[in-house]
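Numbering (my numbering), first residue to last: 106 to 355.
See below:
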């Protein structure tokens, strides 16, 4: 999916992971974004593989947050995000697949949240669970960046979801200064973009992607190249999970 809106260019994709292809199951990731003038809101979400309806949970939270935040001033973003997640949780309580219509059953829709709001040369990442958000300012990827890293539990395979009762304890906000590019990604991509300590960026992955997407005017060609990069045989071997990647040129 690609769209160019005023001064903001967005190119995003989601790719079904190798394990899901083998089992003939759909991609559990989802993304959504919107622009209004020079304001951007974007969210990516990874539906939990252990959750029966993780794909639905990912879709509901992405669409709800974008719809709320596109009309929320940056100064009120923290309260706006909390309000939107409460709304998403409420939608899952009354969802037709929630047979008991109880809050306890929304764990069947578990999903992570990685999002960004950006307006007038500043912004904010908001984040629950794994995945990552990255903001670049200028050409020096090694030093001029802001990162919202993955947050896992005691074990590397354990993370946090907005459907948990204590989701507010896992909700993080990271301020973003003036930036030239933004990246949102689910867990299937973070290993390619960030080192194992979640502190430094992998220049060999991000720099060529950022340069190519910024320089390539043909949207279809840019998206095809991005898909090819994320869905190579080697990429599938390194990580068989679903992969969602959203790039923003500012």
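We treat Cβ as the ideally placed atom computed from N, Cα and C, and that holds for glycine.
Model, not experiment: these values are computed from the prediction.
Looking at the unbroken beta strand (DSSP E) that takes in residue 241, where does it start and where does it end?
In the chain shown, the residue the question calls residue 241 occupies position 136. Note, residue 241: beta strand (DSSP E), 237-241.
Check whether the Cβ atoms of residue 156 and residue 203 sit closer than 7 Å, and answer yes or no.
Residue mapping note: residue 156 aligns to position 51 of the chain shown, counting from 1. Residue mapping note: residue 203 aligns to position 98 of the chain shown, counting from 1. No.
Just the Cα atoms here: how many angstroms apart are residue 138 and residue 227?
Walking along the chain shown from the start, residue 138 turns up at place 33. Walking along the chain shown from the start, residue 227 turns up at place 122. Their backbone Cα atoms lie some 17 Å apart in a straight line.
To which residues of the same chain is residue 263 closer than 8 Å at the C-beta, ignoring the five residues directly before and after it?
Along the chain shown, one-based indexing puts residue 263 at 158. Taken in chain order, the residues that qualify are 257.
Taking the alpha helix (DSSP H) that residue 118 belongs to, which residues open and close that run?
Working through the chain shown from its first residue, we reach residue 118 at position 13. Run containing residue 118: none in the alpha helix (DSSP H); it sits in the beta strand (DSSP E), 113-120.
Determine the DSSP secondary structure at residue 172, reduced to helix, strand or coil.
Along the chain shown, one-based indexing puts residue 172 at 67. Of the three classes helix, strand and coil, the one that applies to residue 172 here is helix, per DSSP.
Pick helix, strand or coil for residue 297, following the three-state DSSP scheme.
As a working note, residue 297 is residue 192 in the chain shown. Correct three-state label for residue 297: helix.
So, residue 268 versus residue 211, is the Cβ gap smaller than 7 Å?
Indexing the chain shown from 1 puts residue 268 at position 163. Indexing the chain shown from 1 puts residue 211 at position 106. In this structure, residue 211 lies closer than 7 Å to residue 268 by Cβ.
Helix, strand or coil, according to DSSP, for residue 214 in the structure here?
Here the question's residue 214 lines up with position 109 in the chain shown. Helix.
Counting pairs of beta carbons, one from the stretch 279-289 and one from the stretch 190-204, are three or more of them closer than 8 Å?
These segments do not touch.
Does the count of Cβ pairs from the stretch 270-282 and the stretch 328-345 closer than 8 Å reach three?
No, because fewer than three Cβ pairs between the stretch 270-282 and the stretch 328-345 fall closer than 8 Å, the two stretches do not touch.
State the CB to CB distance for the pair residue 117 and residue 350, rounded to an integer number of angstroms; the pair is presumed to be in contact (CB under 8 Å).
Residue 117 sits at position 12 when you count from the first residue of the chain shown. Residue 350 sits at position 245 when you count from the first residue of the chain shown. Contact flag correct, Cβ pair sits at about 7 Å.
What are the boundary residues of the beta strand (DSSP E) that residue 189 is part of?
What you label residue 189 is simply residue 84 of the chain shown in a count that begins at 1. Not the beta strand (DSSP E): residue 189 falls in the alpha helix (DSSP H), residues 182-198.
Give the secondary structure of residue 207 by DSSP, where H, G and I count as helix, E and B as strand, and everything else as coil.
Residue mapping note: residue 207 aligns to position 102 of the chain shown, counting from 1. Note: residue 207 maps to coil in three-state DSSP.
Based on the DSSP output, what are the partners of residue 277 in its beta bridges?
By one-based count along the chain shown, residue 277 stands at place 172. DSSP output for residue 277 lists 232 as bridge partner(s).
Quick one: is residue 114 near chain D, going by C-beta distance under 7 Å?
This model lacks chain D altogether; it includes just one protein chain.
Are the Cβ atoms of residue 314 and residue 237 separated by less than 7 Å?
For the purposes of this step, residue 314 is taken as the residue at position 209 of the chain shown. For the purposes of this step, residue 237 is taken as the residue at position 132 of the chain shown. Not a contact, by the Cβ cut-off of 7 Å.
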